[in-house]
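*Asks:* The sequence shown begins at 1 in UniProt numbering and counts up by one.
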Amino acid sequence: MSAYQKEYQWAEQQPESFWEHQASKIDWFEAPKTILAKDDNGIDRWYPDGVMNTSWLALDYHCEQGRGDNTALIYDSPVTGTKQSYSYQEMRDKVAKIAGMLAAQGVVKGDRVIIYMPMIPEAAMAMLACARLGAIHSVVFGGFAPNELAVRIEDAEPKVIMTASCGIEINKVLPYKPLVDQAIMDSRWKPEKSVCLAKTSMCC
């Protein structure tokens with residue numbers, strides 16, 4: 001029996017034991033004492049009393065392990081011809097600044113944040129910044145028209161929308177900010193703040 005088959009069999013036959021072992025490999029803020037439980041609706045919940053932060057695990061943990069100078073993110077845009085690499089330390093510092101900005105806008109754990117941005121490094125940073133605060137991010141495809149974005153605003157009821165001034169689709173510049181402004185006007189839910197990243201170098 002292969003190593004994969006042994007692991008698969010263990011997970012299938014003794015799921016709690018298997019996932020308890022996997023949990024031991026994670027650097028928790030508070031390690032879970034309960035591996036699997038059911039909530040009030042009878043739905044399975046894994047590690048219900050464990051406390052962790054995915055942004056910290058994705059960035060800070062690697063910095064603490066001496067890998068801060070290693071490459072964490074490679075940005076390679078065939079549209080703009082832009083290539084850039086970010087180390088774990090650079091990503092951590094940038095994400096922390098974005099998280100601080102969101103916190104200054106009143107975003108706290110459990111709040112929703114819509115991210116309506118082109119596929120740029122700052123979009124990934126925005127997601128990690130939300131996770132850092134315990135906020136819930138909803139990524140909306142940047143090609144959506146205002147009415148489609150408005151529907152998602154009403155569904156998520158975000159405290160903040162994060163966007164960019166524009167993006168590029170093949171050889172066409174898309175003005176994101178005016179689309180967001182129109183979507184907010186059309187939506188029954190009004191976010192408290194809209195934060196825009198100016199990316200003129202990518203739009204021109």
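Yeah, the Cβ is synthetic: ideal placement off N, Cα and C, and Gly gets one too.
Quick caveat: nothing in here was measured; it's all calculated off a predicted structure.
Taking only three categories from DSSP, how would you classify residue 166?
*Replies:* Working through the sequence shown from its first residue, we reach residue 166 at position 166. Here residue 166 sits in coil by DSSP.
*Asks:* Could you tell me which whole beta strand (DSSP E) segments of length 3 or greater appear in the stretch 6-53?
*Replies:* Listed in chain order, the complete beta strand (DSSP E) runs (minimum 3 residues) inside the stretch 6-53 are 36-38 and 44-46.
*Asks:* Could you give the distance in angstroms between the alpha-carbon of residue 71 and the alpha-carbon of residue 86?
*Replies:* In the sequence shown, counting from the first residue as 1, residue 71 sits at position 71. In the sequence shown, counting from the first residue as 1, residue 86 sits at position 86. When rounded, the distance between both Cα atoms is 6 Å.
*Asks:* Whole angstroms are fine: how far does the CA of residue 160 sit from the CA of residue 192?
*Replies:* Position 192 of the sequence shown, counted from the first residue, corresponds to residue 192. Position 160 of the sequence shown, counted from the first residue, corresponds to residue 160. When rounded, the distance between both Cα atoms is 6 Å.
*Asks:* To the nearest angstrom, how far is the alpha carbon of residue 3 from that of residue 45?
*Replies:* Taking the sequence shown and counting its residues from 1, one reaches residue 3 at position 3. Taking the sequence shown and counting its residues from 1, one reaches residue 45 at position 45. Between residue 3 and residue 45, the C-alpha separation is close to 28 Å.
*Asks:* Would residue 125 and residue 142 be called neighbours here (beta carbons separated by less than 9 Å)?
*Replies:* The residue labelled residue 125 in the question sits at position 125 within the sequence shown. The residue labelled residue 142 in the question sits at position 142 within the sequence shown. For residue 125 and residue 142, no; Cβs fall outside 9 Å.
*Asks:* Are the stretch 181-196 and the stretch 102-112 touching by the rule of at least three beta carbon pairs closer than 8 Å?
*Replies:* The stretch 181-196, when compared against the stretch 102-112, does touch it at the 8 Å Cβ threshold.
*Asks:* Does residue 201 come out as helix, strand or coil in the three-state DSSP assignment?
*Replies:* By 1-based counting over the sequence shown, the position of residue 201 is 201. Residue placement at residue 201 cannot be trusted, given a pLDDT of 47 that sits under 50; what the coordinates show is reported in the next sentence. Helix at residue 201.
*Asks:* CB residue 154 to CB residue 188, shorter than 9 Å?
*Replies:* On the sequence shown, position 154 is the one that residue 154 refers to. On the sequence shown, position 188 is the one that residue 188 refers to. Result yes, Cβ atoms of residue 154 and residue 188 sit closer than 9 Å.
*Asks:* So, is residue 10 buried or exposed, given that buried needs 16 or more other C-beta atoms within 10 angstroms?
*Replies:* In the sequence shown, residue 10 corresponds to position 10, counting from 1. Flag for residue 10 reads exposed.
*Asks:* Going by DSSP, what residues sit across from residue 94 in a beta bridge?
*Replies:* Here residue 94 refers to the residue found at position 94 when the sequence shown is read from its first residue. Residue 94 is not bridged to any residue.
*Asks:* Looking only at its own chain, which residues have a Cβ that is under 8 Å from the Cβ of residue 132, when we skip the five neighbours before and after it?
*Replies:* Taking the sequence shown and counting its residues from 1, one reaches residue 132 at position 132. Excluding positions up to five away in sequence, the list reads 53, 55, 56, 95, 96 and 99.
*Asks:* Which term fits residue 69, buried or exposed, when burial requires 16 or more other beta carbons within 10 angstroms of its beta carbon?
*Replies:* Within the sequence shown, the letter at position 69 stands for residue 69. Residue 69 should be labelled exposed.
*Asks:* Does the distance from the CB of residue 121 to the CB of residue 138 come in under 9 Å?
*Replies:* As a working note, residue 121 is residue 121 in the sequence shown. As a working note, residue 138 is residue 138 in the sequence shown. Contact flag unset, no.
*Asks:* Check residue 76 in the structure and name its three-state DSSP category.
*Replies:* As a position in the sequence shown, residue 76 is number 76, starting the count at 1. Three-state result, residue 76: strand.
*Asks:* Given a threshold of 16 other Cβ atoms within 10 Å of its Cβ, counted over all protein chains shown, does residue 16 qualify as buried or as exposed?
*Replies:* By 1-based counting over the sequence shown, the position of residue 16 is 16. Exposed is the call here.
*Asks:* Around the C-beta of residue 185, are 16 or more other C-beta atoms found within 10 angstroms, so that it is buried, or is it exposed?
*Replies:* Here residue 185 refers to the residue found at position 185 of the sequence shown. Exposed is the call here.
*Asks:* Assign residue 8 to buried or exposed, taking buried as 16 or more other Cβ atoms, counted over all protein chains shown, within 10 Å of its Cβ.
*Replies:* Here residue 8 refers to the residue found at position 8 of the sequence shown. When all chains shown are included, residue 8 counts as exposed.
*Asks:* According to DSSP, simplified to helix, strand and coil, what is residue 113?
*Replies:* Here residue 113 is taken as the residue at index 113 of the sequence shown, counted from 1. Residue state, collapsed to three classes: strand.
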